[in-house]
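Colleague: Here the protein sequences come in this chain order: A, X, Y and C.
Heads up: the first sequence at position 148 corresponds to 148 in my numbering, and the numbers run straight through without jumps.
Positions in the second sequence are counted from 1; adding 339 to them yields my numbering.
Positions in the third sequence are counted from 1; adding 678 to them yields my numbering.
Positions in the fourth sequence are counted from 1; adding 1017 to them yields my numbering.
Heads up, the beta-carbon is just placed ideally off N, CA and C, and yes, glycines get one too.
First, the structure itself, so that you have it in front of you.
Number of protein chains: 4
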Amino acid sequence: MNFLSDTTAPAHPKLVEAIAAANTGFEPSYGNDPISARVEARLREIFECDLKVLFAVSGTASNALALSVLCPSDGAILCHDEAHIHRDERGAPEFYTGGAKLIPLGGAHGKIGLSELDRALAEIPEGFVHTSPVRVLSLSNLSESGTAYSVAEVRERSERLKQRPAFVHMDGARFANALVSLGCTPAELTWKAGVDALCFGATKNGALGAEAVVLFGPVMDRFEALQARQKRGGHMAPKMRFMAAQFEAWLEGDLWLDLARAANARATDLATGLSSIPGVEILHPVDGNEIFARIPESVAASMRAAGAGFYQWPDGSARLVTSWCTEPGEIQALIAAVG
Amino acid sequence: MNFLSDTTAPAHPKLVEAIAAANTGFEPSYGNDPISARVEARLREIFECDLKVLFAVSGTASNALALSVLCPSDGAILCHDEAHIHRDERGAPEFYTGGAKLIPLGGAHGKIGLSELDRALAEIPEGFVHTSPVRVLSLSNLSESGTAYSVAEVRERSERLKQRPAFVHMDGARFANALVSLGCTPAELTWKAGVDALCFGATKNGALGAEAVVLFGPVMDRFEALQARQKRGGHMAPKMRFMAAQFEAWLEGDLWLDLARAANARATDLATGLSSIPGVEILHPVDGNEIFARIPESVAASMRAAGAGFYQWPDGSARLVTSWCTEPGEIQALIAAVG
Amino acid sequence: MNFLSDTTAPAHPKLVEAIAAANTGFEPSYGNDPISARVEARLREIFECDLKVLFAVSGTASNALALSVLCPSDGAILCHDEAHIHRDERGAPEFYTGGAKLIPLGGAHGKIGLSELDRALAEIPEGFVHTSPVRVLSLSNLSESGTAYSVAEVRERSERLKQRPAFVHMDGARFANALVSLGCTPAELTWKAGVDALCFGATKNGALGAEAVVLFGPVMDRFEALQARQKRGGHMAPKMRFMAAQFEAWLEGDLWLDLARAANARATDLATGLSSIPGVEILHPVDGNEIFARIPESVAASMRAAGAGFYQWPDGSARLVTSWCTEPGEIQALIAAVG
Amino acid sequence: MNFLSDTTAPAHPKLVEAIAAANTGFEPSYGNDPISARVEARLREIFECDLKVLFAVSGTASNALALSVLCPSDGAILCHDEAHIHRDERGAPEFYTGGAKLIPLGGAHGKIGLSELDRALAEIPEGFVHTSPVRVLSLSNLSESGTAYSVAEVRERSERLKQRPAFVHMDGARFANALVSLGCTPAELTWKAGVDALCFGATKNGALGAEAVVLFGPVMDRFEALQARQKRGGHMAPKMRFMAAQFEAWLEGDLWLDLARAANARATDLATGLSSIPGVEILHPVDGNEIFARIPESVAASMRAAGAGFYQWPDGSARLVTSWCTEPGEIQALIAAVG
């Protein structure tokens, strides 16, 4: 029973099979292979629009690469105070942008509050040489608290930026989990709601290691610059076909959505079970595959004794993450053990 | 008959099998998995010394990561004028070092000339605030001309640096090819000859995508800084076990050496064959799996007609690269077709 | 009656005379002149300790240079949310450090609150590769709200860092104003209270353009690195003697303290006068030469009609800055006009 | 008799007087003062075109600032192997551009050779993601060997770039010396010959510390970005009027040209005198105020005994620099002493 992180889970077997299947003969390197092209075509169908895509080996890389073409080095990026790009990437966005400024904002349940956003925008002028102007709003969906921004919540935040030469970035390391939770289409949750660039994560949802940066409409003309940064950052893998093959299998037959639904369902069950235990407090809506809970020490000890691994968060709460391969029986067993 | 690049070749099946075998259950992420630990232990045996290692997805990444902990942002890196780090990485070393200066040096057959090295060292003072001091000497082995620095050649260059607070970096994207060609041990070609950090490439020699940065003796204490940069550069893959598994299988039973021997043997045969064709001039010693040749246009046309792909180099010559899976029959057929 | 900023004021005549006096014959360039050496010696007397110093043309430069040798590119700098280094330097600290992360903290009256500092330190772990570790605490004295950290306030904040490999930076653009307000010695307010590097500003207090970075005890060995960055940042002025000459005249006979006392006295008088006007609210203690006040629009209009220039702050309040050359009569006239 | 460098010379008294004259009352800061505006207007007359200008405290700063808006971080800058930006600025161009690549080219007498330029352009492709594309050609006029590119030489080099999205930068630390030597107009030597940005140096020719970045035609729209970088680099001096005042006095009545003529005349006389001494070899045409000579040790010793200071260059030759205030009598005395 491992609830430490979805990054500790194995990959779905179909993706490993796809890698083996892709391992035949010579293919053009650096992303010029036919599988990469097929994945881009498939993403156009899924997102119902023209788009550009490239792959990277980690979510930190895809976020930093995307931000590097959205924000100049002397600009600012608004994000939630608990955003992965601010707290958990060792300054990768600052590195890739050449020193852009991240401005952390508050907001309940890991989502940037509208009033906090408005205050920041009011305080940061345009055209004032002394101050880094806002060039990017970054939204994590799922957020770092496991909650999902609805389509309307994305839109009302992205619209706040429309008076400025600024873009909206979505950290979608758990985009699939948010999507199936919200029940909307990929298009609705991204470009139709004002998102310019999506970091579309597969690794936490069944891949071995495959993330995609997807550029929509207004920023598609930055794709060449994005490729240059992919190269310069060391992320243009020579045998890219093996990363593309993972995406192809993951998208095939909506496997990606099925895997996310499974992980989310386990989280819902786990949250329900935990909330029935005296003293346990679920801290945020469980919109995806993450649960944050305040758990009495005796309960936590029982859970650990039952074999469950999970992290203690900096604020003292517990984070439990389900994955595509968490079994319903594991949830039942855990709740039974501590109930 | 594909001689374009060893990056267009498939991976060796044993590495794909190793990935599948590693895909069982939950494992710690970010390099803390047991396979990564086993690879490090195995490398200590192979290099006959203590060392530190981490993985990256491309040779550009491993070079840039290594250089970023060897050279401060206001230092200089000496390399051959045709070095991959100078010509083919879109400025990745400048990016990762925070703007260090690459100083290109001449030298026959892709190897830094001793006189050119001495002149550069004489011209670049220590302790002069206006000038970027030499902090790294970077040697590519194989070189970009397909030649190998012998142990003695590495040593006499690295010794030139020993009066300075400087380090020696080896770009070993084709290290295995150099090693089997020279017939020396890994230790002899690296730390025993003064190399502080080796970028040890597997991708061009049978891996799907796996490169290692290896730190020896004096720079092992920079490993924590290296990890920080690996994270910051987006190269700390969440499910690192799959990269480690490739290395484990590749090193197992000296597969890596066998694959390099095969590629080198094909190159030797191809060079022998080509040199017998009137008008063809082999430009550099063929020490590994690369051949650079001046080829009359009619011959080149015949080769292409026979199905052989290869690159035209900026200087007008042809580059032909053999790989671990190039068949002896392919070489014979090609020579027969144009002979 | 100009209360816009002390940067709009002229220089004290004695500093211009010193420049003219320094303009004789040939002198070593780049800071190797005898005047620079004399200033360093004088600063050792003033600060009662060994130290290293170099000059820069702006406070932004001196802050960024100092931070660049205190904080690695993958580290974090704690500062007040309204700190000049965070709000008003267009990302210069991020630029000079190679992308370090600034973490803004709250606190009343422009001073970092102890609870906010403690919370940040609790949340940011040491030795966790994913998170930028705290390497610098930056205190502005005067703060951006015109208040002064007392010696005790500096010390209790700097002590919070002593468990970590971290340093304390003081942005002293208005250090003289804080010093004379507090009535302590330069040593007490800096290294004796845990400050490792002081950006010592003269420009706002009578100089034409002269700022100093002063390194104390534990960071003095970073002086060579600081010089390299001064050069690399383009701040090693060829004819440095003219910047040094300003400092020499400014320090001579405690002119710097007299000028700060004059500016502070004018601010005290102005604050007293303003606070007697119905509807005017002084927002922060006036510890130096800056007043932040909420002023009814009718009063503000009268002040402007009387010829007084001042800025409206982002929060809607008014900032009024006195300078070394503000005349007592100007204060009286302004209060009389609006009283 | 100081021939070490024109940076060790004092400033012309008229510039000091101008600083004193500018020190009256309050003025807008950060370059928004009326003197700055007047200098820009005057430069439009001198260069016979519209242009944008800003000031910096050193030639290293003005070069790096200019290059930072001409070259993206993943681009390349072609320069002479001995260029100041490559050899003597501690990597400032790499720093300010965010890691652009400097590619050093050969050429006689410090001037980039046409064949070397053509070879580099032939070797560096456009649109190849692996290679940093050429975005800037940098010409130093005077060159680092004291020679001047003629208008035709500038033009034939700049025209080589016109097929690419690239710009021409001129390092004009000694632009005045080149100009009076060539006898052409400022417009002819810059924008009419294809120069997009000029770093126009006054410090070595009579100023206390004043350099200007001048943007012409096609790159004028990068002025806002240039200002942002000026701020970010710490070069937006608060009391900019004092830098502007130097330029105003320097340009007034063609003082700048008179000073350059004086320095050049002294250099010509010195070169003539030296060349009459047995064993002395003048290595490069003396087009400005610098002489490079191979001087027998006995002669050099006599020169030093006569009180003459000069530098030994890395190649063993001697560099002698005259300045605006070198006296004809000093030249005569020196030649007499060693003749």
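1. Can you pull the chain X residues whose beta carbon is under 7 angstroms from the beta carbon of C:V1146, in chain order?
2. Mind checking X:N477: buried by the 16 CB within 10 Å criterion, or exposed?
3. So the candidates are Y:E930, Y:A949, Y:S976 and Y:A915; which of them puts its Cα closest to the Cα of Y:K692?
4. In the region 699-782 of chain Y, which residue ranges form an unbroken beta strand (DSSP E) of at least 3 residues, counting only runs that do not cross its ends?
5. Applying the criterion that 16 or more other CB atoms from any shown protein chain within 10 Å of the CB defines a buried residue, is C:A1288 buried or exposed?
6. Using a C-beta to C-beta distance shorter than 7 angstroms, which residues of chain X count as neighbours of C:D1091?
7. Residue range of the beta strand (DSSP E) that C:S1155 falls in?
8. Could you tell me which chain X residues have their CB closer than 7 angstroms to the CB of Y:R910, listed as they occur along the chain?
9. Quick one: list the residues of chain X neighbouring C:S1149, beta-carbon separation under 7 angstroms, in chain order.
10. If you measure from the beta carbon of Y:P782 to each beta carbon in chain A, is any gap under 9 angstroms?
11. For the ligand NAP, any of its heavy atoms closer than 8 angstroms to the Cβ of Y:L876?
12. Using a Cβ-Cβ cut-off of less than 7 angstroms, list which residues of the region 1063-1093 of chain C approach chain A; keep chain order.
13. Taking Cβ to Cβ, would you say X:V392 is nearer than 9 angstroms to X:E379?
14. In the region 522-583 of chain X, which residue ranges form an unbroken beta strand (DSSP E) of at least 3 residues, counting only runs that do not cross its ends?
15. Does any C-beta atom of chain A lie closer than 9 angstroms to the C-beta of Y:A778?
16. List, in order along the chain, the chain A residues whose C-beta lies closer than 8 angstroms to that of C:A1245?
17. Contact between the region 835-850 of chain Y and the region 585-603 of chain X is defined here as three or more beta-carbon pairs at a separation below 8 angstroms; is this criterion met?
18. Please list, in chain order, the chain C residues whose beta carbon lies closer than 9 angstroms to that of X:P653.
19. Helix, strand or coil, according to DSSP, for C:D1023 in the structure here?
20. Nearest by alpha-carbon distance to X:K578: which of X:A403, X:A395, X:V619 and X:S344 is it?
21. Taking C-beta to C-beta, are A:V213 and A:L189 nearer than 9 angstroms?
22. To which residues of the same chain is X:G452 closer than 8 angstroms at the C-beta, ignoring the five residues directly before and after it?
23. How should X:R643 be labelled, buried or exposed, when 16 other C-beta atoms within 10 angstroms of its C-beta is the threshold for buried?
24. Three Cβ pairs or more, each shorter than 8 angstroms: is that satisfied between the region 1172-1180 of chain C and the region 1044-1055 of chain C?
25. Go to X:V660, then tell me how far its alpha helix (DSSP H) extends in each direction, as first and last residue.
26. Per DSSP, which residues does A:Y311 bridge with? Please list them.
27. Would you say Y:M914 faces chain X, with C-beta separation under 9 angstroms as the test?
28. Would you list the residues sitting across from Y:R972 in a DSSP beta bridge?
29. In chain C, which residues lie less than 7 angstroms from X:R426 when you measure between Cβ atoms?
30. Using 9 angstroms as the threshold, is the C-beta distance between X:L409 and X:G572 below it?
31. Could you tell me which residues DSSP pairs with X:D626 in its beta bridges?
32. Determine the closest residue to A:V286 out of A:Q312, A:Q246 and A:S181, with distance taken between C-alpha atoms.
33. When we look at the beta-carbon of A:D221 and count the other beta-carbons within 10 Å, is it buried (16 or more) or exposed?
34. So which of C:A1353, C:W1267 and C:H1101 has the shortest CA-CA distance to C:S1293?
35. Are X:N628 and X:D420 close, meaning C-beta to C-beta below 9 angstroms?
36. Does A:Y30 come within less than 9 angstroms of chain C when only Cβ atoms are used?
Modeller: This is what the structure holds:
1. Walking along the fourth sequence from the start, residue 1146 of chain C turns up at place 129. Those are R429, listed as they occur along chain X.
2. Translated into positions along the second sequence, residue 477 of chain X becomes position 138. Correcting the residue identity first, residue 477 of chain X is Ser in this sequence and not Asn. It is buried - the Cβ of X:S477 has at least 16 other Cβ atoms within 10 Å.
3. In the third sequence, residue 692 of chain Y corresponds to position 14, counting from 1. When each option's Cα is compared against that of Y:K692, the closest is Y:E930.
4. 730-734 and 754-758
5. Counted from its first residue, the fourth sequence places residue 1288 of chain C at position 271. By the neighbour-count rule (16 or more Cβ atoms within 10 Å), C:A1288 is buried.
6. Numbered from its first residue, the fourth sequence carries residue 1091 of chain C at position 74. Here the neighbours are R429 and G430.
7. Taking the first residue of the fourth sequence as position 1, residue 1155 of chain C is located at position 138. Note, C:S1155: beta strand (DSSP E), V1151 to S1157.
8. Counted from its first residue, the third sequence places residue 910 of chain Y at position 232. Per Cβ cutoff of 7 angstroms: D413.
9. Sequence index remark: in the fourth sequence, residue 1149 of chain C carries index 132 (1-based). Residues of chain X passing the Cβ test: R429 and G430.
10. One-based indexing of the third sequence puts residue 782 of chain Y at position 104. Taking Cβ atoms only, chain A reaches closer than 9 angstroms to Y:P782, which makes this a yes.
11. Absent from the structure shown: the ligand NAP. Ligands present: none.
12. S1090 and D1091
13. In the second sequence, counting from the first residue as 1, residue 392 of chain X sits at position 53. In the second sequence, counting from the first residue as 1, residue 379 of chain X sits at position 40. Going by C-beta atoms, X:V392 is nearer than 9 angstroms to X:E379.
14. 536-540 and 550-554
15. Within the third sequence, the letter at position 100 stands for residue 778 of chain Y. Yes - at least one Cβ of chain A is within 9 angstroms of the one on Y:A778.
16. By one-based count along the fourth sequence, residue 1245 of chain C stands at place 228. In chain order: D74 and V129.
17. no
18. Here residue 653 of chain X refers to the residue found at position 314 of the second sequence. Chain C residues near X:P653: A1139, E1140, I1141 and P1142.
19. Numbered from its first residue, the fourth sequence carries residue 1023 of chain C at position 6. In this structure, C:D1023 counts as coil in the three-state DSSP scheme.
20. The residue you call residue 578 of chain X lines up with position 239 of the second sequence. It is X:A395 whose Cα lies nearest to the Cα of X:K578.
21. As a working note, residue 213 of chain A is residue 213 in the first sequence. As a working note, residue 189 of chain A is residue 189 in the first sequence. No, these two residues do not count as a Cβ contact at 9 angstroms.
22. Position 113 of the second sequence, counted from the start, is the residue given in the question as residue 452 of chain X. Excluding residues within five positions, the ones whose Cβ falls inside 8 angstroms are L444, G445 and G446.
23. Position 304 of the second sequence holds residue 643 of chain X. With fewer than 16 Cβ atoms within 10 Å of its Cβ, X:R643 is classed as exposed.
24. no
25. Counting from one through the second sequence, the residue named residue 660 of chain X turns up at place 321. Where X:V660 is concerned, there is no enclosing alpha helix (DSSP H), although the beta strand (DSSP E) it sits in stretches over A657 to V660.
26. Against the first sequence, residue 311 of chain A aligns to sequence position 311. Looking at the DSSP assignment, A:Y311 forms a beta bridge with A:R319.
27. Counting from 1 along the third sequence, the entry for residue 914 of chain Y is found at position 236. Judged by the 9 angstroms Cβ criterion, Y:M914 is in contact with chain X.
28. Counting from 1 along the third sequence, the entry for residue 972 of chain Y is found at position 294. Bridge partners of Y:R972: Y:E959.
29. Taking the first residue of the second sequence as 1, we reach residue 426 of chain X at position 87. The contacting residues are T1148.
30. Working through the second sequence from its first residue, we reach residue 409 of chain X at position 70. Working through the second sequence from its first residue, we reach residue 572 of chain X at position 233. No.
31. Counting from one through the second sequence, the residue named residue 626 of chain X turns up at place 287. The partner list for X:D626 (beta bridge, DSSP) is empty, contrary to what the question assumes.
32. Taking the first sequence and counting its residues from 1, one reaches residue 286 of chain A at position 286. The shortest C-alpha separation from A:V286 is found at A:S181.
33. Counting from one through the first sequence, the residue named residue 221 of chain A turns up at place 221. Its Cβ having fewer than 16 others within 10 Å, A:D221 is exposed.
34. The residue you call residue 1293 of chain C lines up with position 276 of the fourth sequence. Minimum Cα distance to C:S1293 is reached at C:A1353.
35. Along the second sequence, read from residue 1 onward, the residue named residue 628 of chain X stands at position 289. Along the second sequence, read from residue 1 onward, the residue named residue 420 of chain X stands at position 81. Going by C-beta atoms, X:N628 is not nearer than 9 angstroms to X:D420.
36. The residue you call residue 30 of chain A lines up with position 30 of the first sequence. Yes, contact with chain C.
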